[in-house]
Ligand SMILES: [Zn+2]
């Protein structure tokens, strides 16, 4: 702001001050990360609904005609939303989950549990840089993170409302149960989801739950795209690990990574 004022462009400064400065918490990325945004930074969902409506509803028609086309679209969109929920009710995956996460799995929606499960996997690799009583400090690529067994100031915990890798790591170190309902926002619970979709009364009682196992795909010959996806998982994990810690360690880690690149490079 000081640099803007130093330019001496009064009209621009006034425009910025009147139009943007007061609402900076809505557009500055760093300030948005302290709110419960569920890490959604775009309006893609809204645009998607808009494009579906436009693909069905005719332009330049009467109001009556417009609504006669709009309501089936809305009904169809609702059914689309309900489908994964009904699948969640009637199918129970038999994939082996860590025993410590069973309570989360039975309480959370599949989407929310996948987030917690990922955080759990990441938590196993963490080591706190400092421990002071029940307060733990972690050095991360995004800065210093302070956490306890009931809360954390990292972006994942603050913006999503689910237990993050730091909290899970601390609870494990202190031999506490990983499950704590207070760490979970009500919106992520299956019960809240069913209530929201009005599924419980209409569908839940009439369906019989079945267990399903998704057979693991074994393909001896992978397409180039499949090979890329397999390799990308490894490199993403490598990049994540490299970015943890200080800059000096980063240079050491990247030097080793470059040697790995030289090994796999085609000759
Ligand atoms: Zn955290």
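In our numbering, the protein residues as written are 8 to 274. Just so you know, even glycine gets a beta-carbon here, dropped at the ideal spot from N, CA and C.
Integer-rounded CB distance, given that residue j should sit under 8 Å from residue i
{"i": "residue 259", "j": "residue 146", "result": "The pair is not a contact, with the Cβ atoms about 15 Å apart (cut-off 8 Å)."}
{"i": "residue 2", "j": "residue 133", "result": "For the chain, the structure presents residues 8 to 274; residue 2 sits outside this window and is missing."}
{"i": "residue 166", "j": "residue 44", "result": "5 Å"}
{"i": "residue 149", "j": "residue 173", "result": "So it is not a contact: roughly 12 Å between Cβ atoms."}
{"i": "residue 156", "j": "residue 141", "result": "7 Å"}
Segment limits, beta strand (DSSP E) that includes residue i
{"i": "residue 154", "result": "150-155"}
{"i": "residue 143", "result": "142-147"}
{"i": "residue 98", "result": "98-100"}
{"i": "residue 139", "result": "137-139"}
Beta carbon of residue i nearer than 9 Å to that of residue j
{"i": "residue 110", "j": "residue 184", "result": "yes"}
{"i": "residue 107", "j": "residue 235", "result": "no"}
{"i": "residue 168", "j": "residue 191", "result": "yes"}
{"i": "residue 143", "j": "residue 177", "result": "yes"}
{"i": "residue 204", "j": "residue 89", "result": "yes"}
{"i": "residue 95", "j": "residue 200", "result": "yes"}
{"i": "residue 230", "j": "residue 245", "result": "no"}
{"i": "residue 257", "j": "residue 250", "result": "yes"}
{"i": "residue 20", "j": "residue 12", "result": "yes"}
{"i": "residue 119", "j": "residue 195", "result": "yes"}
{"i": "residue 64", "j": "residue 73", "result": "yes"}
{"i": "residue 28", "j": "residue 8", "result": "yes"}
{"i": "residue 163", "j": "residue 171", "result": "yes"}
Range of the contiguous alpha helix (DSSP H) that encloses residue i
{"i": "residue 64", "result": "No alpha helix (DSSP H) holds residue 64; DSSP gives it neither H nor E."}
{"i": "residue 25", "result": "17-26"}
{"i": "residue 249", "result": "231-250"}
{"i": "residue 34", "result": "31-34"}
{"i": "residue 270", "result": "254-271"}
{"i": "residue 314", "result": "Residue 314 falls outside the range modelled here, since the chain spans only 8 to 274, and no answer is possible."}
{"i": "residue 112", "result": "109-114"}
{"i": "residue 198", "result": "197-204"}
{"i": "residue 193", "result": "Premise fails: residue 193 is in no alpha helix (DSSP H) and is neither H nor E."}
{"i": "residue 228", "result": "Premise fails: residue 228 is in no alpha helix (DSSP H) and is neither H nor E."}
{"i": "residue 104", "result": "It is not in any alpha helix (DSSP H) - residue 104 carries neither H nor E in the DSSP assignment."}
{"i": "residue 9", "result": "9-13"}
{"i": "residue 176", "result": "172-180"}
{"i": "residue 124", "result": "117-130"}
Heavy atom of ligand 2 within 8 Å of residue i beta-carbon
{"i": "residue 83", "result": "Among the ligands in the structure shown, ligand 2 does not appear; only ligand 1 can be found there."}
Test item, CB below 5 Å from any non-hydrogen atom of ligand 1: Qualifying residues come out as 159, 161, 164, 171 and 173.
Contact the region 55-65 vs the region 75-82: 3+ CB pairs below 8 Å: Enough Cβ pairs lie closer than 8 Å, so yes.
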